[in-house]
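Peer 1: Per my numbering, residue 8 is the first one in the sequence shown, and the count goes up by one each step.
Got a structure for you, written out below as structure tokens; questions coming shortly.
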Amino acid sequence: MFACTFVFPIRKGAMAAAEEAVWELSAAWWRSGQMIGSPFISARGASIVFRMVVPERASISPASGTDRTRAAWTAFRKLLRFRPRPTFDRLLVAPPVCRCGKPRRSFFSPEPHGPSSPLWCARCRGNVPLHRFGIQDSDTIAGLLAAEEEWEGLYWMWIHSGATEKVGLRQISDPDGEWFRDARGAVADFERAAGVEVYMEVFNAYSSRGNPEGRLCPSCGRRWSRIRAFFGLACHRCRLVALAPWYDSPPPRGWRSPQQRRQGKRRGS
Ligand SMILES: [Zn+2]
Ligand SMILES: [Zn+2]
8 MFACTFVFPI RKGAMAAAEE AVWELSAAWW RSGQMIGSPF ISARGASIVF
58 RMVVPERASI SPASGTDRTR AAWTAFRKLL RFRPRPTFDR LLVAPPVCRC
108 GKPRRSFFSP EPHGPSSPLW CARCRGNVPL HRFGIQDSDT IAGLLAAEEE
158 WEGLYWMWIH SGATEKVGLR QISDPDGEWF RDARGAVADF ERAAGVEVYM
208 EVFNAYSSRG NPEGRLCPSC GRRWSRIRAF FGLACHRCRL VALAPWYDSP
258 PPRGWRSPQQ RRQGKRRGS
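Pasting the structure below:
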């Protein structure tokens, strides 16, 4: 992953138009998965300085873009004195990027501690740049990114231990919860558009028994399967994965546990 900087030289008298056009370019880069997170956009004399995180150097090439990014770039280009070359600085703290091109199977598992896409490759375990899937409908990627941002909000609700702590954890750990069902719809749209399989992570913080493999898929009540990928546990029928729990202890008293709820359900029900 790289910090990518453009210094755009704006034509005389075109700064107001350029400020608008650069926002459209920014939105298009985000909605195509070419840029991760929000950019820093500043003025330097008659230039606009644009700093962003990109998954790889090729991310901002026209070939990685969508019709919308190409149109936004064409409009913005008319306001420039010349086309600048970007500079790239490798991020010192960042996950490795997937080496498999367009992985056939990945996991939706947002990472709350730094820039990344929400998808991780089941084969090489790298972070998967969303622009690689060649999806033209940017609402599909925007839906996935919205689900990622909501997940992070719910995660921090839990971590910060305020009044909504319990609600935050339940939403990301219960496949029957409101956030989970909504996010599953966004993931399904992405699967259809990209022609790949995406498993969703059931956030699994607390263990109700010592052995997580002895527990059941919280969606269908069947046993988890062991998978070699870093998540550890999977239900292929529900396209769910789970890590081994963080805490080898039951959830706090009174907290609803979707995992425990399924313990009594019969296999095959
Ligand atoms: Zn990979
Ligand atoms: Zn299941």
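Even glycine gets a Cβ: it sits at the ideal position worked out from N, Cα and C.
(1) Any idea which residues DSSP pairs Y162 with across the strands?
(2) Using DSSP's beta-bridge definition, name the partner residues of E208.
(3) Kindly list the residues whose CB is nearer than 7 Å to the CB of D144, restricted to its own chain and excluding five residues on each side of it in sequence; keep chain order.
(4) For ligand 1, I want to know if R139 counts as a neighbour, meaning its beta carbon is within less than 7 Å of at least one of the ligand's heavy atoms.
(5) Enumerated in chain order, which unbroken segments of the alpha helix (DSSP H) with a length of 4 residues or greater are wholly contained in the region 166–208?
(6) Quick one: using the 10 Å Cβ neighbour count with 16 as the cut-off for buried, is P119 buried or exposed?
(7) When every heavy atom of ligand 1 is checked, does at least one fall within less than 7 Å of the C-beta of G133?
(8) With DSSP run on the structure shown, which of helix, strand or coil describes I67?
(9) Whole angstroms is fine: what's the gap from G53's alpha carbon to T81's?
(10) Just the C-alpha distance for C245 and N211, rounded to the nearest angstrom, thanks.
(11) Could you check the C-alpha separation between E155 and A24 for me, to the nearest Å?
(12) Taking 8 Å as the threshold (beta carbon to beta carbon), is P69 in contact with chain B?
(13) At a threshold of 7 Å, does L126 count as lining ligand 2 (C-beta to nearest heavy atom)?
(14) For the beta strand (DSSP E) containing T12, name the first residue and the last one.
(15) Only counting the same chain, and skipping five residues up and downstream in sequence, which positions put a Cβ closer than 8 Å to that of W231?
(16) What are the boundary residues of the beta strand (DSSP E) that includes M59?
(17) Considering D96, what are the terminal residues of the beta strand (DSSP E) in which it resides?
Peer 2: So, from the listed chains and residues:
(1) The residue given as residue 162 occupies position 155 in the sequence shown. In the DSSP assignment, Y162 is bridged to no other residue.
(2) Within the sequence shown, residue 208 is the residue found at index 201, counting from 1. For E208, which the question treats as bridged, DSSP gives the partners V248.
(3) Indexing the sequence shown from 1 puts residue 144 at position 137. So the qualifying residues of the chain are A200.
(4) Taking the sequence shown and counting its residues from 1, the one referred to as residue 139 is at position 132. No.
(5) Runs of the alpha helix (DSSP H) lying entirely within the region 166–208, each at least 4 residues long, are 172–180 and 185–201 in chain order.
(6) The residue labelled residue 119 in the question sits at position 112 within the sequence shown. The residue is exposed, with fewer than 16 neighbouring Cβ atoms inside 10 Å.
(7) As a first step, residue 133 must be located in the sequence shown, where it is residue number 126. G133 Cβ: within cutoff of ligand 1.
(8) Taking the sequence shown and counting its residues from 1, one reaches residue 67 at position 60. The three-state secondary structure of I67, taken from DSSP, is helix.
(9) Taking the first residue of the sequence shown as position 1, residue 53 is located at position 46. Taking the first residue of the sequence shown as position 1, residue 81 is located at position 74. Looking at the sequence itself, residue 53 is Ala, so the reference to Gly does not match. Taken atom to atom, the span from the alpha-carbon of A53 to that of T81 is near 20 Å.
(10) The count along the sequence shown starts at 1 and reaches residue 245 at position 238. The count along the sequence shown starts at 1 and reaches residue 211 at position 204. Rounded to the nearest whole angstrom, the CA to CA distance from C245 to N211 is 16 Å.
(11) Counting from 1 along the sequence shown, the entry for residue 155 is found at position 148. Counting from 1 along the sequence shown, the entry for residue 24 is found at position 17. If you take the alpha carbons of E155 and A24, they lie about 32 Å apart.
(12) Among the protein chains of the structure shown there is no chain B, as only one such chain exists.
(13) Taking the first residue of the sequence shown as 1, we reach residue 126 at position 119. Flag unset: Cβ of L126 not near ligand 2.
(14) One-based indexing of the sequence shown puts residue 12 at position 5. First-last of the beta strand (DSSP E) with T12: F9 to P16.
(15) Here residue 231 refers to the residue found at position 224 when the sequence shown is read from its first residue. P219, E220, R222, L223, C224, L240, A241, C242 and A249, listed in sequence order.
(16) Along the sequence shown, read from residue 1 onward, the residue named residue 59 stands at position 52. S54 to V61 is the span of the beta strand (DSSP E), which, as asked, contains M59.
(17) Your numbering for residue 96 matches position 89 in the sequence shown. Looking at the DSSP string, the run of the beta strand (DSSP E) that includes D96 is T94 to R97.
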